[in-house]
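In our numbering, each residue carries its 1-based index in the sequence shown increased by 16.
In this text, a Cβ means the ideal position worked out from N, Cα and C, and glycines have one as well.
Structure, as structure tokens:
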Amino acid sequence: MKKQLIAAAVAASMSAVAMADISITGNANYEYFAKTVGGATESTTNDADMEVNLSVVGKTGDTSVVANFEITGASASTANRDSDGEASAIDVEDLYITTKLGDLNIKAGDYASGTTALGGEIDNGPRAINKVDISTNVGPAKVGYAVSAVSTAASDDYESSKAVVYGSMDVAGTKVSFKDNSDSYTIVGLTGSAGGINYRIENKDNDAANSDVLFYELGTKVGDLSVSYAALDADAANSSDTAGPITENDSTIFAQDAHDIGLDGMHQVTIATSIDGTAVKLRAGTRTGGKVSSDTYQDADFMEIAASRALASGATLTVSYADADQVTKVGSTMYDDQTLEIDLSVKF
């Protein structure tokens, strides 16, 4: 009898394992940087860092649980910190659940929006804490409401709730989107293609004076070349490296950041093609200077060329070289920085 019970228990546990829908995916990359910083006395530094990202997804029916982890460094000692100064750490990047309640789609937990989201190239989307997002379809339109409580740095208490309403729908081949926070801003976006031109246009109308931002990107194919033009244009310059109309500092489009103090925009041309299986991309443009208090900042030009190739081993090797003017005040000597980056990455 005991053997039968044990056999039944084992069979039940094996059945549960077989029925579980769990996936683990991720990516890893090793980056080496050789950077020369211009100035009255030039200095050259060599840095490297290693990062592994894991995504664990458990699913049952219409419900999924997602946990995304970022693992950096191999030692907590100061000598082994990476180029960003980060010591060895396992950071829970996202932790959320998605499910359905009738016609309602529900997403709840801690997560951040990416640069492809509406306003993503304008704002550095912070990770929302205890965020609840409820959306549904109303005819051809998707509408939703999201509210989050952001944890303060000083304690586990929460700041006042930040709520937005949003929506999107296709109109004659163009995706029209909006997101509104009644106490702060409204973002309207258009995405689509017409006459062989791909476009993404977004305007953030801030309630605060002189802080609106327009972002747009236009792209097309010319023979074997992919050509695009992208720009950011703010009403006023950023008052610091972290505060101002433009706060995004990890763009997937622009080669340089536009969130530095004294900048009020960015203009960039990108040309990309493939040569014998190697993807080549050239990005060149200008970070435009503005005025902060009594100081006026100069325009800063930049250029980056990158070559990327998939290796037979399954990894991808990317080598890039960038030359960029430093952001300085009008009347100050302008120097440039050069950065060589070698990136070995893999997805699994």
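query	result
Top-ranked residue by Cα proximity to residue 338, from 318, 280, 345 and 151	318
Start-to-end residues for the beta strand (DSSP E) that takes in residue 125	120-127
Integer-rounded CB distance, given that residue 147 should sit under 8 Å from residue 125	7 Å
contact_flag[the region 305-321, the region 261-268] where n(CB pairs < 8 Å) is 3 or more	no
Identified DSSP bridge partners for residue 305	279
Buried versus exposed, by CB contacts within 10 Å (16 or more), residue 11	Residue 11 lies beyond the residue range present for the chain, which begins at 17 and ends at 364; the question has no answer from this structure.
Residue 58 classed as buried or exposed, judged by whether at least 16 other C-beta atoms fall within 10 angstroms	exposed
Span of the beta strand (DSSP E), counted from its first residue to its last, around residue 262	That residue, residue 262, is in no beta strand (DSSP E); it is neither H nor E in DSSP.
C-alpha gap between residue 192 and residue 54, whole angstroms	44 Å
Per-residue DSSP class, three states only, for residue 269	coil
Uninterrupted beta strand (DSSP E) stretches inside the region 168-250 (no shorter than 3 residues)	178-187, 190-197, 201-210, 213-222, 229-238 and 241-250
Stretch pair the region 65-80 + the region 33-52: three plus CB contacts closer than 8 Å	yes
Heavy atom of the ligand GDP within 7 Å of residue 263 beta-carbon	Questions concerning the ligand GDP fall outside what the structure shown contains, since it holds no ligand whatsoever.
Residue from 253, 210, 238 and 239 whose Cα sits closest to the Cα of residue 225	253
Rounded distance between the beta-carbons of residue 86 and residue 357, thought under 8 Å	The Cβ separation is near 19 Å, so there is no contact.
Proximal residues to residue 255 (C-beta, below 6 Å), its chain only, five neighbours per side dropped	308
Identified DSSP bridge partners for residue 351	DSSP, once it has assigned bridges, lists no residue as partnering residue 351.
Reference residue 3, options 128, 340, 281 and 184, closest by Cα	Any answer about residue 3 is impossible in this case: the structure gives the chain only from 17 up to 364.
Span of the beta strand (DSSP E) around residue 321	316-326
Closest Cα partner of residue 133 within the set 105, 273 and 268	268
Sheet register partners of residue 149 (DSSP bridge)	123 and 162
Cross-strand partners of residue 358 (DSSP beta bridge)	48 and 335
Residue span of the beta strand (DSSP E) that contains residue 117, given as start and end	105-117
Rounded separation between residue 249 and residue 282 - CA only	7 Å
Reference residue 111; option with closest CA among 73, 135 and 322	73
Closest residue to residue 151 among 144, 285, 180 and 139 (Cα-Cα distance)	180
Residue 287 - DSSP class collapsed to helix/strand/coil	strand
DSSP three-state assignment for residue 58, whether helix, strand or coil	coil
DSSP bridge partner residues for residue 344 (one or two, in chain order)	The partner list for residue 344 (beta bridge, DSSP) is empty, contrary to what the question assumes.
For residue 286, the nearest candidate out of 243, 304 and 295 (CA to CA)	243
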